[in-house]
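Engineer:
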Amino acid sequence: MTARLPTRGTIYFCFVNPTGFSGQKAATELAIRGLEERGWNCRRLSHPVFDHYRGKRGALLRYGLGLLAAWLRTLRLLFSPRAWLCVNLCQTRAGFVRDLLPLLLGSVSLGRKRIVISLHGSLFMQWMPSSLDGRVFRFLLRRAGTVTVLGERQRARLIEHGISAERVVVLVNSCDLEIISIEATSAKHPLQTEADRPVRCLFLSSLIDTKGFPEYLEALQQLAMRNGPSIDAVMCGRLVASEFSGRFRNLAESERWIEQQLTAINLSARVRVRWIKGAVGADKAALFRDAAIFVLPTRYAVEAQPLVLLEAMASGCAIITTRAGEIPTILDEQGAVLLAEPSAESVADAMRTLVLDAKVRRRYALTAQARFVDRYQVHRHIDAWEALLARGMTDRSPRAPQYLPVPHAD
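Just so we're aligned, residue 53 is where the sequence shown starts under my numbering, counting upward by one.
#1: Can you give me the Cβ contacts of Glu397 inside the same chain, cut-off strictly under 6 Å, excluding the 5 residues immediately before and after it?
#2: For the candidate residues Val323, Asn93, Gly333, Glu355, whose alpha-carbon lies nearest to that of Phe296?
#3: Within 10 Å of its beta-carbon, does Ala217 have 16 or more other beta-carbons around it, so buried, or fewer, so exposed?
#4: Check whether the segment 257–270 and the segment 312–320 are in contact - that is, three or more C-beta pairs closer than 8 Å.
#5: At which residue ranges does the segment 226–310 contain complete beta strand (DSSP E) runs of 3 or more residues, listed in the order of the chain?
#6: Does the segment 323–331 come close enough to the segment 281–288 to have 3 or more Cβ pairs within less than 8 Å?
#7: DSSP on Ser183, reduced to helix/strand/coil?
#8: Could you please give the first and the last residue of the uninterrupted beta strand (DSSP E) stretch that includes Ser98?
#9: Taking 8 Å as the cut-off, does the CB of Leu137 come closer than this to any heavy atom belonging to the ligand NAP?
#10: Which same chain residues end up closer than 7 Å to Ala461 when comparing Cβ atoms and leaving out the 5 residues on each side of it in sequence?
#11: Only counting runs of 3 or more residues, tell me where the beta strand (DSSP E) segments fall wholly within the segment 357–420, in order along the chain.
#12: Over the uninterrupted beta strand (DSSP E) stretch that includes Leu137, give me the two end residues.
#13: So the alpha helix (DSSP H) Phe340 belongs to, where does it begin and stop?
#14: Expressed to the nearest angstrom, what Euclidean distance is found between the alpha-carbon atoms of Val251 and Ala344?
#15: Please go through the same chain and pick out, in chain order, the residues whose beta-carbon is closer than 8 Å to the beta-carbon of Arg451, but skip the five residues on each side of it.
#16: Going by other Cβ atoms of all chains shown within 10 Å of its Cβ, with 16 needed for buried, is Val332 buried or exposed?
#17: In terms of residues, what are the limits of the beta strand (DSSP E) holding Thr198?
#18: Which first and last residues belong to the beta strand (DSSP E) in which Thr62 is found?
#19: Name, in chain order, the residues that DSSP records as bridge partners for Ile328.
#20: Taking C-beta to C-beta, are His99 and Leu119 nearer than 9 Å?
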């Protein structure tokens, strides 16, 4: 029987709980699992999300009742004066309303030093400090002793919003996907070309057109008309309606276009592509493990720091992506192909280079994997969380480091 760890403290995590995948939720659950393994008592204060694309009266009623129940659960903060509150702040006006009560209750019961606000999106990067959104955003951030962001660009923007620099901490994402061995990474990129072995390529994300799935499919179609090694490609993800889509009028139009592209590509002798409508757990891990090249040519207007890129790094993939959002915080030119303009042509050219040159492909993959191992493993992420929470354990308010975790040597 495993000995029970002594409780190190109670942490309330406030976050939205959508029915589908959410990077914010995934990041929160990762922190909760890691902290619980170290003896922290983590409590979930999850909030419902209203689906604007299925806005029927019954859905609105269910959302209202769910939000009321969530707010009632939040009252337990009043009876936990030595706890911590960590709020994943939503960057919409509806999110501001949802998160206001936990922040106000936490301010009364816990004090500002024991409140952490985490920003996992980057919508706030577009707001002017003098705008209504900017003013409300700033009011909410000032309820917390610490605000975490994903990179230095976001940190600089918060300082422009008037948040004091010592309260803003860069806490980079992580993932708990198993790291494959260096030998397995090298085997994915054999230096001696095997004629009967196709190069495996993967796109995995929510299928919003500005995430780059059209450019990925169009690049594959261009490659299908050129000579070279055969390619076994996968596009994995579910179609998602988004206000940041720019190419298709609705999901039905997107799906028709995808099916047409798949049919055209699969007529070629060189390229085969499959559409997998979502993968989790072992199925997702297998896709990353099998892929030699991971492609995410995102130009998503509010891109933050996609977890899939960290998963690709851990899995020994050669990565093609962009400089959107806080991607440059985790990847540079030595560890990935960073496209300045993610057009179908530039994606095709980058894929062609990596497909043809296994030496270059292997170098990118090993460099990115080593960077993940050195800086972004889960235990380092949880170390950073514990260092951050320790700031609220004393009456003093020490100056926060700019980055957590700091690059280190074991």
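Just so you know, even glycine gets a beta-carbon here, dropped at the ideal spot from N, CA and C.
Structural biologist: This is what the structure holds:
#1: none
#2: Glu355
#3: exposed
#4: yes
#5: 251–256, 283–288
#6: yes
#7: coil
#8: 93–99
#9: In the structure on display, the ligand NAP does not appear, and there are no ligands present to speak of.
#10: Low local confidence applies: a pLDDT of 34 at Ala461 is under 50, so the model's placement there is unreliable, and no value is given.
#11: 370–374, 389–391
#12: 136–140
#13: 333–342
#14: 7 Å
#15: For Arg451, the predicted structure reports a pLDDT of 42, less than 50, and the residue's modelled location is therefore unreliable. A value from the coordinates is still provided. Closer than 8 Å at the Cβ level, and outside the excluded window around Arg451, lie Glu218.
#16: exposed
#17: 198–201
#18: 62–68
#19: Cys288
#20: yes
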